[in-house]
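A.B. asks:
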Amino acid sequence: MAQRRGGPPGGGRRMDISSIEYAAQIADEKARDTRTTARRLLAYLTPFRSQMGLILVMILLSAASQALGPALIGYATDQFIKPNGDAAGLLRTMAALAGVYAVGFFAARAQIAMMGEVGQRLLSSIRVDIFSKVQRLSLGFFDKNSAGDLMSRLINDTEVIQTFVGQALVQVLGSIFALFGIILAMLIQSPLLALVSFSVIPVMLIMTRVFSVWARNAYRRTRETIGDVSANLQEEIAGIKVAQAFNRTQAGQQEFAKRNDANRQATMSATAITSAFQPLVDVLGTLAVAIVAGFGGYLAVNGTVSVGVLVAFIAYVQNLFRPLQLISTAYTQAQASLAASERIFELIDSPVDLQDKAGATPLPAVKGEVAFDHVSFAYDAGKPVLDEVTFVAQPGQTVAIVGPTGAGKTTIISLLARFYDGSEGAVRVDGFDLRDVTQASLRAQMGIVPQDSFLFAGSVADNIRYGRLNATDAEIEAAARAANAHEFIANLKEGYATRLGERGGGLSQGQRQLIGIARAILANPRILILDEATSSVDTRTEALIQGALSTLLKGRTSFVIAHRLSTIREANLILVLQAGRVVERGTHAALLAQDGLYADLYRRQFRVSPGAPETSTPSLN
Amino acid sequence: MKHLRRSMIFLNSNWLLMLLAVVSLLAVLVANLLSPQYLQSAIDQGITPRNLEAILSAVRVLLLLAVMRGVFSFVQTYVLEKVSQNVAFDMRNRIFNKISELSFTYHDQHQTGQLMTRVTSDVEVIRGFVGQGLLNLIAAVVTVIGVIIVLIRTNWMLALVELASIPIIFALIGVFLSKVRPLFAVAQDKLGALNTILQENLAGIRVVRAFAREPFESARYLGMNNQLMDVNITVNKRASIAFPLTFLTVNVATLMVVFVGGLMVINGTMTIGTLVAFLSYLVVLIGPIFGIGFLATSIGRAAVSAERVFEVLDARNDVEDKPNARALGKIEGRVELRDVTFKFAGAERPALDGVNLLVQPGQTVAIMGRTGSGKSSIINLIPRFYDPQKGQVLVDGTDVRDVTLDSLRSGIGLVLQDTILFSGAIRDNIAYGRPDATDEEVIAAAKAAQAHHFITAFPDGYNTIVGERGVGVSGGQKQRIAIARALLLDPKILILDDSTSAVDAETEYHLQQALDRLMRDRTSIVIAQRISTVRNADMIVLIDNGKIVATGTHDDLLRDNALYGEIVDSQLRNDGAPVGAPTEVK
């Protein structure tokens, strides 16, 4: 049995997968193309063809043993167990029964072990397929799908498949066989009594269906209300200081109690439905026994059936219900897992719009000349973001890109890193068209420092080492020193070995940025791309970052989305972007003299009135 | 264990419901014990002698018993859930109330996530145990004992044969859980690690691409994926024996009962009906036995959860109203720190060390200093978010510890560094400190805070929903809403932490105006980041290493104090600080 996670709000309570509670909490959805999806999911099982065959045999054996047990007991009751009966015959039958049970045990064990392994391997290969796809998808895909959504979808979907393949599938197959076995045994021993006994089956199925629908609706409400409770809780705890400052704790407590109560009520309505179900099934089961005993008794009195058959039938009808319940739950589960598979396959099938050309060659070591040659680009057709952008950056130059939000600054650096391909024109490095070289060789010579440096869960050293995997500890420390990061790292609890939480939890944004810079320094790229952060850090860290940046920019061709006046002033070339076009270009002094858009932006931004000295009205922050 | 026993107090108000549950439980038990008897009589008096009348009458009773069992087991399940929901409801409320009253010291040391877990999953575990598990445990024990008595009285020899399976099942469950449970935890960890890698590759895709680290990431992922698969396969292998084995035990018990019982029937010491009844009792026994086995193992978890819950409920609140605290009347606005020494919990050196400060009503005081110098400690002590270890904080000459927190804080307006908005309408966020404010007052406050303009630009205006599920507002907009929130209180004392602000130039200008408006006619204590605030301040307090090193006006300090020069200079040297993007001008 594989573990089941992230399940219903039952929270750690074990839940019988044939129970109505469980059934009610499976997402009610269907794959659009059930057949294709099912076939494709099955295709993952082809490597395990022989195991699957064996598993089927085992399931069959264990189902057969379940059906044979009561039959043998019934036979013994009829033939030997009566006053002055045949003890030796009883012993023989019991020996046979022991054999049947033993076969059942070994078959069940082998079946669970093998199916579990197949399920795990299947899931593992689905996970690998997902991951390698994620790595090949272009960034355009990630612009449209948020990482958080994607993540929870993938986790959820693989889990649904895991539960179905790992648990439900075996049980369903077992149930089907057991059902067949029982029905067959009943039909053979007394067709008439069997048919009459079956009359409860449709009632059972209809009842299950109706209750599932009710329970599903009730549980939806339960989920919503518990979601409300946690959302409220999260927010209140995060904002507790404000609440205390504004004397709002009591109001917050009342609000919480209200939501808490809504959840209690919703749960009770759901409970009313689910706790009625099992007793009803129970009554129905007794009804079935009553029918067998009553009608069977009548037949027995007539002499049509034997007492042994009757006793066996009582056992059979009692065993009939569980597989029925399981199968009807599993049907919903199968639907949900097909829908989940379909979404996963969609991801795996989504086209990769940016990959290495067939004959792509590695980019040789470059000097760092970067040229945009009439480059146009649109994320959505018809809405160009860049329009015929042309410029050349000489090796070692610093290019500052400025312009209003949405002017296309980020797009320029994304095209340079070949996260996207331009729709027209060409981007060249040392004369090589980026589309003709391999992505890996291009990016190996390029460093990128984004606004908010993404850090991985791992040690500080690991995060810096990300820039060059074979770097020694000494090299890492040297890079950190150059990035002005050594001081704060050395003050961390375990220095460079300090483990960071997810996304660099525990560090301030400024510190994360310093590590991002150290990473880029370690990578020692020829071409550097830098997106200066807009959000501020305290002044000391700010000074450290500026110092680190000037170390980093030195001697490389650098492209900076610039927010700092110092960076802009020192740039060799400023590109002023507006609506996807380069409207002005030149040095700071030249552009100011030009008194165009740049001069205007500059004055408004830094509030320098025309003619006044630049430092006259600085802002402290 | 002690804590688990304490959790029982949450059952106190539910005794009537519990009584009902116990009554239903007994009724179900009676039905469960009687059913096989009537099945037996149906066979012995009806089927064997082929007496249809006897069969039908036994069957009628059986059906009646089934209906009775159905009704009572419904009542039992429903009532138990009700009890357990009541327990969870009370517990959640009590924990939440406690959390919301605990002082800043406590919240500094506990993360939101940790506290959330107490209110959600820990309560859930205890609920499962106290609310349901306990009564179910009793039910199971009573059922098992009842069945055992009936069996022994019917035929003690056969009873012994049947009951022999019980200890074996318990032993199997125990062995299984001790072997497999640790592995479950390992598998859980591996899955967590695998998902972290996936998560990082989704959220950090740009970094991965930028450094061309796809092969590295693939290796990481594949490695962890294989580890996870191996653990899962091992778990599965070990688990694969447990369930077949318990079924085998039940089957062997059945076999023994049929064989020994069969011999007795052959000897004429027992009827067939009794044999069939024994087989039915076996079915009645198995469910509760499994239940007891699994419940027993969940006691440990419940105890741990109970301990964590009571850890919160028992936490000492170090900032509370004194028993005889009085309301602080109308505030004039005189604020004084008298020889205040303050240390954060767990810190090595004091954040404030013998600080004396007197602010007259209506004055604006700017507090300046390096990061970590103690600036924010000063402003946190005035609304009594913390208590100093030594010295006194006085408002209008009264020690803040002698007045009620409500009366003190309602006289103080706060604009904190991280502006937090709550899910809900902008209007409600502005009226947060005064929920009874009229729309006119809210709008007036928003106008004064330079927020009216952008608020009305939203399609829903003041009814625009912000917060987690609402529209995004920028940092500068948030800050202006927070200013409006403080303005609406019309406080005599204003405390403003302005140390970081991520805004562009235009917003900066608006903020400036809003702040000027806010500080007018009040005692204002500001952690200042703006040169204009500093220039307009009546007094600048320069603080370093927890001590006030200088006070005076901007010009005085610039002339006389090197540290002040350094602080100002560090921000002016490069033309400063990230002023905001030239690019964000709209």
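Line by line, the protein sequences give chains A and B.
Take the first sequence: its letter number 493 is residue 1419 in our numbering, and every next letter is one higher.
Take the second sequence: its letter number 19 is residue 492 in our numbering, and every next letter is one higher.
Don't be surprised by glycine CBs; every beta carbon is placed ideally from N, CA and C.
#1: Please list the residues of the region 1385–1397 of chain A that have a C-beta atom closer than 8 Å to any C-beta atom in chain B, keeping them in chain order.
#2: For Gln865 of chain B, does the three-state DSSP call read helix, strand or coil?
#3: What in chain B is Cβ-close to Arg1053 of chain A, meaning under 7 Å?
#4: Hey, is Ala1188 of chain A's beta-carbon within less than 8 Å of any beta-carbon in chain B?
#5: Near Thr960 of chain A, which residues of its chain fall below 7 Å by C-beta distance, leaving aside the five closest residues on each side in sequence?
#6: Does Ala910 of chain B come within less than 8 Å of chain A when only Cβ atoms are used?
#7: By the DSSP assignment, the alpha helix (DSSP H) with Ser1123 of chain A in it spans what residues?
#8: Since Leu887 of chain B sits in a beta bridge, which residues does DSSP pair it with?
#9: Buried or exposed, going by whether 16 or more other CB atoms sit within 10 Å of the CB of Val614 of chain B?
#10: Could you name the residues of the region 886–902 of chain B whose beta carbon sits closer than 8 Å to any beta carbon of chain A, in the order they occur along the chain?
#11: Could you round the C-beta distance between Leu1342 of chain A and Ile1500 of chain A to whole angstroms and report it? I think they count as a contact, below 8 Å.
#12: Using the beta-carbon of each residue, which ones in chain B are nearer than 9 Å to Thr1003 of chain A?
#13: Name, please, each residue of chain A whose Cβ falls closer than 8 Å to the Cβ of Lys555 of chain B.
#14: Applying a beta-carbon distance threshold of less than 8 Å, which residues of chain B neighbour Lys1008 of chain A?
#15: Would you check if the distance between the CB atom of Gly842 of chain B and the CB atom of Leu1015 of chain B is smaller than 8 Å?
#16: Tell me Lys1020 of chain B's beta-bridge partners as DSSP assigns them.
#17: Anything in chain B within Cβ reach of Gln1251 of chain A, meaning under 8 Å, just list it in chain order.
#18: Please list the partners that Lys710 of chain B has in chain A, where partner means a Cβ-to-Cβ separation under 7 Å.
#19: Kindly say whether Glu673 of chain B, judged by its beta-carbon, lies nearer than 8 Å to any beta-carbon of chain A.
#20: Determine, for Glu550 of chain B, whether the minimum Cβ-Cβ distance to residues of chain A falls below 8 Å.
#21: Could you tell me whether any Cβ in chain B is nearer than 8 Å to the Cβ of Pro1288 of chain A?
#22: Once DSSP output is grouped into helix, strand and coil, what is the label at Gly933 of chain A?
#23: Check whether chain A comes within 8 Å of Asn1009 of chain B, counting only Cβ atoms and requiring the distance to be less than that.
#24: What residues of chain B sit near Ile999 of chain A, judged by a beta carbon separation below 7 Å?
#25: Compare the C-beta of Gly1481 of chain A with all C-beta atoms of chain B and state if any pair is closer than 8 Å.
#26: Leaving out five residues before and five after Leu1016 of chain A in sequence, what residues of the same chain have Cβ atoms less than 6 Å from its Cβ?
#27: Quick check on this structure: which residue in A:Val1278, A:Met978 and A:Gly1030 has the alpha carbon closest to the alpha carbon of Leu1065 of chain A?
#28: With a CB to CB cut of under 8 Å and the five nearest residues on each side skipped, what residues in its chain are close to Thr1056 of chain B?
#29: Count the C-beta pairs between the region 616–624 of chain B and the region 1194–1207 of chain A that are closer than 8 Å, then say yes if the count reaches three, no if not.
#30: Measure the C-alpha to C-alpha separation of Ile998 of chain B and Ile840 of chain B and round it to an integer number of angstroms.
#31: Check distances from the C-beta atoms of the region 586–610 of chain B to those of chain A and list, in chain order, the residues that come in under 7 Å.
#32: Which chain A residues are close to Val725 of chain B, counting only those with a beta carbon under 9 Å from its beta carbon?
#33: Relative to the C-alpha of Leu1048 of chain A, which residue among A:Leu967, A:Gln1320 and A:Ala1183 is closest?
#34: In whole angstroms, give me the CA-to-CA distance for Leu490 of chain B and Arg479 of chain B.
#35: Identify whether Phe643 of chain B lies in helix, strand or coil by the three-state DSSP scheme.
C.D. replies: For this structure:
#1: Identification of residues in the region 1385–1397 of chain A having a C-beta nearer than 8 Å to some C-beta of chain B yields Tyr1392, Gly1393 and Leu1395, given in sequence order.
#2: For the purposes of this step, residue 865 of chain B is identified with residue 392 of the second sequence, where counting begins at 1. In this structure, Gln865 of chain B counts as strand in the three-state DSSP scheme.
#3: On the first sequence, position 127 is the one that residue 1053 of chain A refers to. Ordered by position in chain B, the residues that pass the 7 Å Cβ test against Arg1053 of chain A are Asn698.
#4: Counted from its first residue, the first sequence places residue 1188 of chain A at position 262. No, no contact with chain B.
#5: The residue you call residue 960 of chain A lines up with position 34 of the first sequence. Within the same chain, Thr960 of chain A has close Cβ partners Leu1264.
#6: Taking the second sequence and counting its residues from 1, the one referred to as residue 910 of chain B is at position 437. Output row for Ala910 of chain B: interface = no.
#7: As a first step, residue 1123 of chain A must be located in the first sequence, where it is residue number 197. Run containing Ser1123 of chain A: Pro1117 to Ser1123, per the alpha helix (DSSP H) assignment.
#8: Position 414 of the second sequence, counted from the first residue, corresponds to residue 887 of chain B. Answer is B:Ile968.
#9: Along the second sequence, read from residue 1 onward, the residue named residue 614 of chain B stands at position 141. It counts as exposed.
#10: Leu887, Leu889, Ile893, Phe895 and Ser896
#11: The residue given as residue 1342 of chain A occupies position 416 in the first sequence. The residue given as residue 1500 of chain A occupies position 574 in the first sequence. The Cβ separation is near 17 Å, so there is no contact.
#12: Residue numbering aside, residue 1003 of chain A sits at position 77 when the first sequence is read from its first letter. Result: Val731, Gly735, Val738, Ile745, Leu748 and Val749.
#13: Numbered from its first residue, the second sequence carries residue 555 of chain B at position 82. The contacting residues are Met1194 and Thr1197.
#14: Counting from one through the first sequence, the residue named residue 1008 of chain A turns up at place 82. Chain B residues near Lys1008 of chain A: Val738, Ile739 and Ile745.
#15: For the purposes of this step, residue 842 of chain B is taken as residue 369 along the second sequence, with counting starting at 1. For the purposes of this step, residue 1015 of chain B is taken as residue 542 along the second sequence, with counting starting at 1. Contact flag set, yes.
#16: Reading the second sequence from its first residue, position 547 is the one you call residue 1020 of chain B. DSSP output for Lys1020 of chain B lists B:Asp1017 as bridge partner(s).
#17: Counted from its first residue, the first sequence places residue 1251 of chain A at position 325. Going along chain B, no residue has its Cβ under 8 Å from Gln1251 of chain A, so there is no contact; the nearest lies around 15 Å.
#18: As a first step, residue 710 of chain B must be located in the second sequence, where it is residue number 237. The answer, in chain order, is Ala1039.
#19: Translated into the one-based positions of the second sequence, residue 673 of chain B becomes position 200. By this cut-off, Glu673 of chain B is an interface position.
#20: Along the second sequence, read from residue 1 onward, the residue named residue 550 of chain B stands at position 77. It should be pointed out that residue 550 of chain B corresponds to Thr in this sequence rather than to Glu. Closer than 8 Å to some Cβ of chain A, the Cβ of Thr550 of chain B qualifies, so yes.
#21: Within the first sequence, the letter at position 362 stands for residue 1288 of chain A. Chain B contact via Cβ: absent.
#22: Here residue 933 of chain A is taken as the residue at index 7 of the first sequence, counted from 1. Since pLDDT at Gly933 of chain A reaches only 32, below the 50 mark, its modelled position is unreliable, and no value is offered.
#23: Within the second sequence, the letter at position 536 stands for residue 1009 of chain B. For Asn1009 of chain B, the answer is no, since every Cβ of chain A falls outside 8 Å of its Cβ.
#24: As a working note, residue 999 of chain A is residue 73 in the first sequence. Those within 7 Å of Ile999 of chain A in chain B are Val731.
#25: As a position in the first sequence, residue 1481 of chain A is number 555, starting the count at 1. It does not; no Cβ of chain B falls within 8 Å.
#26: Here residue 1016 of chain A refers to the residue found at position 90 when the first sequence is read from its first residue. For Leu1016 of chain A, same chain residues with a beta-carbon under 6 Å away, outside a window of 5 residues either side, are Ala1002 and Phe1006 in chain order.
#27: Your numbering for residue 1065 of chain A matches position 139 in the first sequence. Cα-wise, what sits closest to Leu1065 of chain A is A:Val1278.
#28: Here residue 1056 of chain B is taken as the residue at index 583 of the second sequence, counted from 1. Interpretation of Thr1056 of chain B is limited by its pLDDT of 33, a score under 50 that renders its predicted location unreliable; the figure taken from the coordinates is listed afterwards. Hits under 8 Å: none found.
#29: no
#30: Start at 1 with the first residue of the second sequence, and residue 998 of chain B comes out as number 525. Start at 1 with the first residue of the second sequence, and residue 840 of chain B comes out as number 367. Approximately 7 Å, taken between the alpha carbons.
#31: Leu588, Met589, Val592, Thr593, Ser594, Glu597, Val598 and Gly601
#32: On the second sequence, position 252 is the one that residue 725 of chain B refers to. Ala1024 and Tyr1027, listed in chain order.
#33: Taking the first residue of the first sequence as 1, we reach residue 1048 of chain A at position 122. Of the listed residues, the one whose Cα sits closest to Leu1048 of chain A is A:Leu967.
#34: Looking up residue 490 of chain B in the second sequence gives position 17. Looking up residue 479 of chain B in the second sequence gives position 6. Distance between the alpha carbons of Leu490 of chain B and Arg479 of chain B: 20 Å.
#35: For the purposes of this step, residue 643 of chain B is identified with residue 170 of the second sequence, where counting begins at 1. DSSP places Phe643 of chain B in helix when its eight states are reduced to three.
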